[in-house]
Amino acid sequence: MLQDVFNAVVLGSIYLLFALGMALAWGTIGVLNFAHGVTFMFSAFAAHLVADRVALPAPLIVVLAAAMGALISCLVQALVFQSILRRARNPRAAEMQILIAGIGVAVIPLAIAQRLTNGAPFGFGSAAEQAQVYQVGGLRLTTMALVVIVVGLGLGVGLAWWLKASKRGLALRSIGVDPETASLMGANRTSLALGTMAVAGALAGLAGALLTYQLGAISAETGDVLLIKAFAAIVLGGLGSQAGVIAGAYFIAIAETFVIVNNWGTWADAVSFGLIFLMLLVRPQGLFGRREVRRT
Amino acid sequence: MTAVHATTKPEVPVLEVRDLAVHFGGVKAVDGLSFSLTAGKIFGVLGPNGSGKSTMLAAVTRLVRLTRGELLFGGEPYHHEPPRAMAGLGIARTFQTVRLLEDRTVRENVLLATDDHLIRGRAARRAVAERVDQAIERVGLTKVRRLRPTELSYGMQRRVEIARAIAMNPRLLLLDEPTAGMNRQEREDISALMRGLQAEGLTQLIIEHDVQMMVDTCDHLFAMTTGKLIAEGEPRAVVRHPAVQEAYLGSRHGRGHARA
Amino acid sequence: MSDWYAANIVLVQSTMTTLLLALSIQLPLRVGVFSFAGVGCYGIGGYAAAICMIRLEMTTWPSIAVGTLLAGAASFLLGLLIQRLNGLYLGMATIAFTLIIAILAVNGGSLTGGAAGLFGALGDLTTGSILAVTLVVVVVFALSETGGLGRRVDAVREDPELAAAMGVDVSRYRRMSFLVSGLVGGLSGALTILLRSSITPAEVNFQLVVLALTVIVVGGFRSWAGALIGSVIFVWLPKALDFVGEWETVVYGVIVVLAALYLPGGVLGLAADLYHRLRSGRRGGETDDEKGAGGADAGPGAVAGREFDQLAVPGEGR
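Protein chains in written order, with the numbering used here: chain W, 1465 to 1760; chain Z, 284 to 543; chain L, 6 to 323.
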């Protein structure tokens, strides 16, 4: 039982790490990035390629993956999303084109990774074996699981606090609420957006490296599944609320673990899809979300 | 016959608004507005920005929820009808911003006004096509009817909007700042067009900032501030009314000053 | 010719079923509803038709009819449920719907064959009959794009409030788009599965959503012709792309991104723009004259066609 709770918390922290970047970009600059999943995967994959050739300490690999994520995310923003935003007729059209372009972008790194790995899972080689296992009162813990929890929660809370308290965070949030006011406040939308995407991408890369360590190996398609889970977490918590994302991620993980523990494993994925549905019907603004002030 | 008509039946106003209120949260955009529009006249609404003019128009066309009040068209209450019922009643409007289909030609945009489901048969179709072409002719866009709105100037785009509203064959035409962004000649042309429509018996309500145009064009003016009516009546009298001078012209003076 | 036909019959058939799937995703987009439920309906239609044939021992066309109608009904109900959601939320809810269909199939026990799926549902289908059905659908779609209906659909997508002011029942159009999208998606699924004789839950996945979307984005989302162009491109491209071999999917991705960036109307939109420019260009001289002359021939009471040249200053008349 205790072990199940612990496992759920680890799972929730992974969902959270993944969802944080996505929620940040969507909640502030309004970009729902469907390439977030492959950013996550490809950063880990790039780190795997490096780790295969040079033996690097784990923290360095994680930093490398985060940098790779930031790079991919910035490239996508600068080359694709930015020019869609520039040209789009209205916000609704832009929203849709960004989603579609994100799906298109996602195909490319996925295909490259699938081709290079021949569909086999990849990891960081011997590094995975360094993970130490502790037994604490019947609870089986690994170093990596603890790192995932600490980093996930730490970044989640830290980001939420930063957005609330810091001046830049405030400017960023005001873009999400009202772009016009934000530009009056002197916030430069383009560079703020690029910065946001860099942070979102770094978070994806970080999540990719940590999950690879945690599981030992991931496959090229791992990002796709997490994308829907992260969406569910954001919808559950409420767009624009970082605290909501934290709650949403853990809620989904706990619900899924509950389903799996009761041997309804084939229904596990239905939990997040069902929750998306239910939440959108009952309370579209999510648990903690602000009301959408949008007219149709 | 006419005499009997006039004596036995007091004229029912085209539109009657009774104690209309629209509140957004704590903001009272429109608060206790009553007026009526008699048939065949041109009415104007004056008021500074944020005085509730556009909200009033949105309420009259059922685009916003009424907090309170009643709306009657031809004596029949209609404030429970959905927005799409306005076309059937005979209420046509233009919008404050240009709202045209970018990928459709001018003519197709105007045709949209006549696209109800019931047009069957050749004769009916031809009648509709004629109505549309007439509307385009009246706003002077016949030569550009095959171009798309994006290929036209802003003033011309606004005229497409007016043509679309006219083509709906309405009993009441609501114009939300129809001459914004037009030059003086274009404004005078719109003014002449409105009087032409009036000669055919069309009742019109116009929201405008251009006081001179309102005085020249309208038969009857309403002046609004903060969601309430402060004066109404003969245009020149309304413009000279102290409360109106204070609320509307006063602020305009201030702006003129700042520019100089 | 007949040699070519025999060699490519599978591609010809799959062009048509892909077209149907693309149309089921395209229709909601045309009405401004961001729905991917058509792919879930493809799964419903496919499974229902296969179950009818295998478990109920029905013949081919009744099975297809059951699959189509069931998918239509499911989609219509989904539409009633979620029509109030807007934009991306609706899109994600419909993706969730699609993926839930796959999970239901996995957990359907002997009825759906679980994770292994269903086998042996080979229908008695000729290319001619598929073509006939596809043609009927295409004609209906083509009719919905012309005349007043086409304009109303455009208005509902571009500006629902304006459409309502013109007397259009916007939510009725949205509900109908769910129904028709479900029917066509179900038809596509039923035809595909009975041609192929098997279906597995893994087929009803996000990749199928991506494929359908790709077809429309590249071909053009405004018209059935765009869906046809896209279907032809993506069904036949693998043959043409033999030289890139295993990098084929990368090329797909690049094509989609380029289309999303530079061809918001797809290949068809590009063609339509060029055509319009050509047509109005031919009359360009006349148009310019009219603008310059200030519409001297306009009738009394009419507004002259004059180029907008200066910004009006509010109240300058006084």
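Beta carbons: idealized from backbone N, C-alpha and C, even for Gly.
9 Å Cβ cutoff, residue i in contact with chain W
i	result
Met181 (chain L)	no
Phe239 (chain L)	no
Met97 (chain L)	yes
Glu251 (chain L)	yes
Ala277 (chain L)	no
Ala120 (chain L)	yes
Among the options, the one whose alpha carbon lies nearest that of residue i
i	options	result
Leu320 (chain Z)	Z:Leu480, Z:Val422, Z:Asp502 and Z:Arg421	Z:Asp502
Ile513 (chain Z)	Z:Gln417, Z:Val313 and Z:Val305	Z:Val313
Ala412 (chain Z)	Z:Phe378, Z:Asp386 and Z:Met451	Z:Met451
Pro1585 (chain W)	W:Thr1654, W:Arg1556, W:His1512 and W:Asp1468	W:His1512
Leu1535 (chain W)	W:Gly1568, W:Ala1664, W:Leu1745 and W:Ala1707	W:Ala1664
Asp302 (chain Z)	Z:Val310, Z:Gly323 and Z:Val343	Z:Val343
Leu383 (chain Z)	L:Gly113, L:Gly194, L:Val161 and L:Ile204	L:Val161
Phe1752 (chain W)	W:Gly1708, W:Ile1718, W:Val1699 and W:Val1540	W:Gly1708
Met21 (chain L)	L:Gly77, L:Ser40, L:Leu127 and L:Ala137	L:Ala137
Gly1620 (chain W)	W:Ile1493, W:Ala1684, W:Ala1711 and W:Pro1523	W:Ala1711
Leu298 (chain Z)	Z:Glu515, Z:Met477, Z:Gly357 and Z:Asp472	Z:Gly357
His306 (chain Z)	Z:Gly352, Z:Lys324 and Z:Pro331	Z:Gly352
Leu83 (chain L)	L:Val145, L:Glu253 and L:Ser182	L:Ser182
Leu24 (chain L)	L:Gly271, L:Ala217, L:Leu116 and L:Val175	L:Ala217
Glu359 (chain Z)	Z:Ser334, Z:Val310, Z:Thr388 and Z:Val300	Z:Val300
Thr1492 (chain W)	W:Asp1516, W:Gly1622, W:Leu1627 and W:Ile1724	W:Leu1627
Asn466 (chain Z)	Z:Asp459, Z:Ala448 and Z:Met439	Z:Met439
Gly309 (chain Z)	Z:Tyr361, Z:Gly327, Z:Gln417 and Z:Thr350	Z:Thr350
Val1824 (chain W)	W:Ala1694, W:Gln1706 and W:Leu1703	The displayed coordinates of chain W run from 1465 to 1760. Any statement about residue 1824 (chain W) would go beyond what the structure contains.
DSSP bridge partner residues for residue i (one or two, in chain order)
i	result
Glu299 (chain Z)	Z:Ser319 and Z:Leu355
Pro360 (chain Z)	Z:Leu355
Gly311 (chain Z)	The sequence given here has Lys at residue 311 (chain Z), not Gly. Paired residue(s): Z:His306.
Val588 (chain Z)	The shown model of chain Z, from 284 to 543, leaves out residue 588 (chain Z), and the question about it has no answer.
Gly516 (chain Z)	Z:Leu504
Lys511 (chain Z)	Z:Thr508
Ile374 (chain Z)	Z:Leu455
Ile1682 (chain W)	W:Phe1586
Phe124 (chain L)	L:Ser203
is_contact[residue i, chain Z] using C-beta, thresh 9 Å
i	result
Leu167 (chain L)	yes
Met58 (chain L)	no
Outcome for residue i when other beta-carbon atoms lying within 10 angstroms are tallied against a minimum of 16
i	result
Tyr280 (chain L)	exposed
Met1465 (chain W)	exposed
Asn1497 (chain W)	buried
His363 (chain Z)	exposed
Asp1688 (chain W)	buried
Ser1477 (chain W)	buried
Ser7 (chain L)	exposed
Asn1726 (chain W)	exposed
Lys336 (chain Z)	buried
Gln1413 (chain W)	In the structure as shown, chain W starts at 1465 and stops at 1760, and residue 1413 (chain W) therefore has no counterpart that could be examined.
Gln1467 (chain W)	exposed
Leu140 (chain L)	exposed
Phe313 (chain L)	Only weak support exists for where Phe313 (chain L) lies, its pLDDT of 30 falling under 50; the value from the coordinates is given anyway. Its Cβ being crowded by 16 or more others within 10 Å, Phe313 (chain L) is buried.
Val1495 (chain W)	buried
Lys426 (chain Z)	buried
Leu61 (chain L)	exposed
Tyr267 (chain L)	exposed
Min CB distance residue i to chain L below 9 Å
i	result
Leu504 (chain Z)	no
Glu1559 (chain W)	yes
Leu1535 (chain W)	no
Phe378 (chain Z)	yes
Ala1531 (chain W)	no
Val1450 (chain W)	Past the edges of chain W, shown from 1465 to 1760, lies residue 1450 (chain W), and the structure says nothing about it.
Glu529 (chain Z)	no
Met369 (chain Z)	yes
Below-9 Å beta-carbon distance, residue i vs any chain C residue
i	result
Leu1751 (chain W)	No chain C is part of this structure, whose protein chains are labelled W, Z and L.
Which parts of the stretch 1574-1608 of chain W are runs of the beta strand (DSSP E), unbroken and 3 residues or longer, counting only runs that do not cross its ends? 1597-1600 and 1603-1606
Fully enclosed by the stretch 421-504 of chain Z, which beta strand (DSSP E) runs are 3 residues long or longer? 455-459 and 486-490
Alpha helix (DSSP H) runs contained entirely in the stretch 146-207 of chain L, provided each spans 4 or more residues: 152-163, 165-170 and 175-201
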